[in-house]
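Asker: One structure, as structure tokens, below. Some questions next.
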DNA sequence: ACTTTTAGTCCATAATCTGTACTTATCCTG
DNA sequence: CAGGATAAGTACAGATTATGGACTAAAAGT
């Protein structure tokens with residue numbers, strides 16, 4: 030809770046952020062239109078823009094004629110050529126890194142396949158450090174200064190510490206000294222949801238459903254992920270579908286995960302790719318498995334919609350490739366169950382960012398912080 | 030989205046709010062301790078406090094000795110003697126009003142019994158206007174200036190307009206000219222949740238469950254109610270308990286409301302009071318009805334906890350008097366279902382504000398706005 | 001060429017906060 | 001009980017930042 034008073038320097042910091050955020054939200058602006066938008070005077074805006082130019086956050090990009098007459102303004106837009114953010118990801122079977130510039134353009138992408146199940150944290154983190162160093166150097170060669178980084182991990186994060194990552198077999202791992210710029214760590218599902226927000230075609234608030242071995246969900250609202258009191262919100266996989274159904278590893282019964290988790294969907298099959306193959310060739314057992322999962326997903330999402338009221342539902346993770354077969358049963362379930370309560374049920378759409386969502390979200394998180402607090406991160 | 034720049038006057042407005050909020054959150058402070066807390070200088074704080082004193086928002090209340098030695102400071106605390114807020118409520122069988130001062134002390138309370146089912150909006154609003162006028166006058170007689178009002182209604186509110194209130198039989202009613210101070214209108218369940226926050230013993234975030242004819246819930250997080258994209262969040266009553274259970278008026282099947290709504294609980298009985306009587310005398314049918322409802326509530330709340338992760342669950346509305354019989358089945362259900370996923374399930378407690386929650390929440394909303402923007406509402 | 005219009009800058013002024021010095025009030029010590 | 005130590009609160013000059021009107025710049029229309 031920010032209970033700090035506003036001093037002169039924080040006033041200026043705030044105004045720098047307001048100007049930068051305005052450019053970020055609604056594209057290139059002239060100083061004059063920025064002044065109108067922000068309610069500041071042209072003089073003040075000029076001075077703020079001068080600082081942002083010097084810091085490399087924005088660039089002038091040619092003349093714009095606003096009305097019919099008069100001197101044309103100079104467009105000021107985000108600069109994609111000076112500062113950048115590093116996104117990192119540790120997952121079950123790979124390490125990934127990406128560099129994203131201020132305009133949210135992906136400038137670099139690296140993936141190292143690896144088997145990280147039940148692995149030694151120290152060794153993996155050493156590889157990740159090397160990857161980060163290499164990627165940062167490559168970015169520097171392209172003229173980009175990496176000024177912040179974030180890491181996505183498949184586990185529960187609390188206070189900058191990885192509390193537990195069951196699939197990696199890690200517990201209470203502190204990740205530090207990974208890079209020599211400000212650094213953050215967050216849950217993969219949360220960051221994937223943000224990746225979809227910033228790198229997908231999303232506009233309004235939505236619920237990102239991430240099917241993996243478990244099923245998670247990230248509610249994106251007002252540009253952030255809703256986390257709950259203990260950071261445990263969004264456990265869609267354990268929403269009750271059948272109150273006295275089969276037992277689940279969580280201790281409950283009839284959870285969504287039992288019906289639509291990766292194990293339930295794949296059955297004897299080895300991979301999602303294999304399942305898609307079967308589905309494409311019309312295999313009845315595979316089609317039936319998808320129908321059942323879709324139905325259960327529809328029931329769980331009905332509860333989620335009543336509680337969270339998201340504008341859109343985005344299916345990601347392994348649900349993305351299965352979307353053609355899941356969409357109908359899910360939408361139908363939502364449609365009939367929600368019919369009377371609201372004009373129309375939320376749209377159910379497929380994730381646009383696919384398996385890159387989490388790394389991109391990590392880099393995007395840093396970009397968002399730069400735009401929210403340019404003075405702090407750009408040293409103004 | 031506040032994209033306005035900070036000017037000199039908004040800097041001062043913000044600092045007035047910071048000082049007032051600090052006093053509000055952590056009790057009386059001396060100017061010196063306010064300076065330390067807010068990061069402002071003693072000089073600035075003195076000047077801000079002078080303005081707040083003049084506006085009647087705070088009062089000096091005697092000396093405090095902070096350490097062992099030195100000049101004692103003067104305690105500055107919220108003033109309960111100058112400005113106040115008016116809370117109003119329209120419900121099925123009454124109109125209510127209350128006046129609350131800045132310290133959130135209830136100074137006045139009025140209830141007019143009435144049968145408002147399928148009523149004429151104009152007539153009811155006329156009674157309410159009279160009630161508001163009367164109450165404001167009475168407050169004035171006690172030296173309190175009412176500087177804002179809010180109204181709680183049992184229905185869906187959108188953009189300052191009452192879209193629909195099924196139990197009143199109202200649709201698209203615009204409420205205006207009710208009082209001659211800034212005025213707001215909001216949903217009864219939301220305001221009841223806030224009432225519990227501000228007038229009950231709550232500290233952290235919680236989920237307020239309001240049992241009425243339907244079952245609503247308000248998730249209180251960071252001092253506000255989470256509303257969702259279309260303001261429809263918190264419909265706990267239609268969370269799916271049994272996917273192919275009996276049909277519900279919402280179009281779904283097996284919703285919580287079917288098992289734990291007022292109709293399901295009361296059965297042939299006429300009122301909650303009657304049900305409580307039966308329960309107290311050990312009536313088996315009544316006990317069984319409560320057990321069933323409690324079990325269903327436990328299932329629905331399990332889903333809610335997985336999605337929303339509230340720290341505490343507060344049972345209000347008709348669930349409050351039934352709490353002794355509901356608590357065990359609800360807690361047991363949550364406990365077994367949530368066992369593996371988290372250290373402990375959220376506490377399930379009874380509402381402390383009872384049926385006053387909504388009017389109090391309405392008045393509290395205004396108080397909160399005064400504290401959040403003193404410059405605006407106190408004319409500084 | 002002259003007017004109109006809009007963009008952007010200059011500079012004196014205004015609003016607000018800061019920092020140091022000062023006054024006030026209390027307790028402690030000898 | 002005088003003198004010192006300590007802390008609260010105030011006064012005032014100074015620093016920072018935004019404002020507002022005047023000014024310059026660049027384009028279009030006449």
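Residue numbers (this note's numbering), protein chains in the order written: chain A, 30 to 409; chain B, 30 to 409. Glycine residues also receive a C-beta, built at the ideal position from the N, C-alpha and C atoms.
Going by C-alpha distance, which of B:245, B:398, B:124 is nearest residue 333 of chain B?
Answerer: When each option's Cα is compared against that of residue 333 of chain B, the closest is B:245.
Asker: Nearest CA to the CA of residue 178 of chain B: which residue from B:208, B:264, B:313?
Answerer: Residue 178 of chain B has its Cα closest to that of B:208, out of B:208, B:264, B:313.
Asker: Just the Cα atoms here: how many angstroms apart are residue 278 of chain B and residue 369 of chain A?
Answerer: If I take the Cα positions, the gap works out to 8 Å.
Asker: Would you say residue 285 of chain B lies against chain A (beta-carbon separation less than 7 Å)?
Answerer: No, no contact with chain A.
Asker: Check whether the segment 163-171 of chain A touches the segment 183-198 of chain A, counting contact only when three or more Cβ pairs, one atom from each stretch, lie closer than 8 Å.
Answerer: At 8 Å Cβ cutoff, the stretches do not touch.
Asker: Mind checking residue 194 of chain B: buried by the 16 CB within 10 Å criterion, or exposed?
Answerer: The residue in question, residue 194 of chain B, is buried, as its Cβ has 16 or more Cβ neighbours within 10 Å.
Asker: Of all the CB atoms in chain B, is at least one closer than 7 Å to the CB of residue 261 of chain A?
Answerer: Yes - at least one Cβ of chain B is within 7 Å of the one on residue 261 of chain A.
Asker: I'd like to know whether the C-beta of residue 51 of chain A is nearer than 7 Å to at least one C-beta of chain B.
Answerer: Chain B, which has a Cβ nearer than 7 Å to the Cβ of residue 51 of chain A, makes this yes.
Asker: Per DSSP, residue 376 of chain A forms a beta bridge with which residues?
Answerer: DSSP, once it has assigned bridges, lists A:341 as partnering residue 376 of chain A.
Asker: Take residue 409 of chain B and list the residues in its own chain whose beta-carbon comes closer than 7 Å to its own, dropping the five residues that flank it on each side.
Answerer: Cβ neighbours of residue 409 of chain B beyond the five flanking positions: 45, 80, 84, 403.
Asker: If the cut-off is 8 Å on Cβ atoms, which residues from the segment 358-373 of chain B count as contacting chain A, listed in chain order?
Answerer: Against chain A - using a Cβ distance shorter than 8 Å - the residues of the segment 358-373 of chain B are 365, 366, 367, 368, 369, 370, 371.
Asker: Under three-state DSSP, which class holds residue 285 of chain A?
Answerer: Here residue 285 of chain A sits in helix by DSSP.
Asker: Which chain B residues are close to residue 190 of chain A, counting only those with a beta carbon under 8 Å from its beta carbon?
Answerer: Going along chain B, no residue has its Cβ under 8 Å from residue 190 of chain A, so there is no contact; the nearest lies around 16 Å.
Asker: By DSSP, does residue 127 of chain B sit in helix, in strand, or in coil?
Answerer: DSSP places residue 127 of chain B in strand when its eight states are reduced to three.
Asker: Any beta carbon of chain A sitting closer than 7 Å to that of residue 56 of chain B?
Answerer: Judged by the 7 Å Cβ criterion, residue 56 of chain B is not in contact with chain A.
Asker: Which partner residues does residue 142 of chain B have in the DSSP bridge list?
Answerer: B:123.
Asker: Taking only three categories from DSSP, how would you classify residue 393 of chain A?
Answerer: Residue state, collapsed to three classes: helix.
Asker: Which chain B residues are close to residue 270 of chain A, counting only those with a beta carbon under 8 Å from its beta carbon?
Answerer: The answer, in chain order, is 269, 272.
Asker: In terms of residue numbering, what span does the beta strand (DSSP E) encompassing residue 347 of chain A cover?
Answerer: That residue, residue 347 of chain A, is in no beta strand (DSSP E); it is neither H nor E in DSSP.
Asker: Have a look at the DSSP bridge pairing and note the partners of residue 215 of chain A.
Answerer: DSSP output for residue 215 of chain A lists A:181 as bridge partner(s).
Asker: Buried or exposed for residue 316 of chain A, please, with buried defined as at least 16 other CB atoms from any protein chain shown within 10 angstroms of its CB.
Answerer: It is exposed - the Cβ of residue 316 of chain A has fewer than 16 other Cβ atoms within 10 Å.
Asker: Does the distance from the CB of residue 375 of chain B to the CB of residue 323 of chain B come in under 7 Å?
Answerer: No, they are not a contact pair.
Asker: Inspect the CB distances between the segment 221-233 of chain A and the segment 390-398 of chain A and report whether three or more fall short of 8 Å.
Answerer: With a cut-off of 8 Å, the segment 390-398 of chain A and the segment 221-233 of chain A count as touching, because enough Cβ pairs lie within range.
Asker: For residue 338 of chain A, does the count of other Cβ atoms within 10 angstroms reach 16, so buried, or fall short, so exposed?
Answerer: Answer is buried; the Cβ neighbour count reaches 16.
Asker: In chain order, what residues of the same chain lie with their CB nearer than 6 Å to the CB of residue 31 of chain A, ignoring the 5 residues before and after it?
Answerer: Unreliable placement is indicated for residue 31 of chain A, whose pLDDT of 48 sits below 50; no coordinate value is reported for it.
Asker: Can you confirm whether residue 332 of chain B, when its beta carbon is compared against all beta carbons of chain A, has any partner nearer than 7 Å?
Answerer: For residue 332 of chain B, the answer is yes, since a Cβ of chain A falls inside 7 Å of its Cβ.
Asker: Would the beta-carbon of residue 218 of chain A fall within 7 Å of that of residue 239 of chain A?
Answerer: Going by C-beta atoms, residue 218 of chain A is nearer than 7 Å to residue 239 of chain A.
Asker: What first and last residue would you give for the beta strand (DSSP E) that runs through residue 104 of chain A?
Answerer: Run containing residue 104 of chain A: 102-107, per the beta strand (DSSP E) assignment.
Asker: Residue 260 of chain A and residue 271 of chain A look like a contact to me (Cβ under 8 Å); what is the Cβ gap, rounded to whole Å?
Answerer: Between residue 271 of chain A and residue 260 of chain A the Cβ distance is about 28 Å, and since that is not below 8 Å, they are no contact.
Asker: Can you give me the C-alpha to C-alpha distance between residue 311 of chain A and residue 364 of chain A, rounded to a whole angstrom?
Answerer: Computed Cα separation, rounded: 26 Å.
Asker: Quick check: residue 301 of chain A and residue 353 of chain A, are their CB atoms within less than 7 Å of each other?
Answerer: Result no, Cβ atoms of residue 301 of chain A and residue 353 of chain A do not sit closer than 7 Å.
Asker: Return the chain-ordered list of same chain residues with a C-beta closer than 7 Å to the C-beta of residue 265 of chain B, the five sequence neighbours on each side being excluded.
Answerer: Correct list, in chain order: 238, 244, 245, 246, 285, 329, 333.
Asker: Helix, strand or coil for residue 193 of chain B? Go by DSSP, reduced to three states.
Answerer: Strand at residue 193 of chain B.
Asker: Where does residue 108 of chain B land, buried or exposed, given buried means 16+ other C-beta within 10 angstroms?
Answerer: By the neighbour-count rule (16 or more Cβ atoms within 10 Å), residue 108 of chain B is buried.
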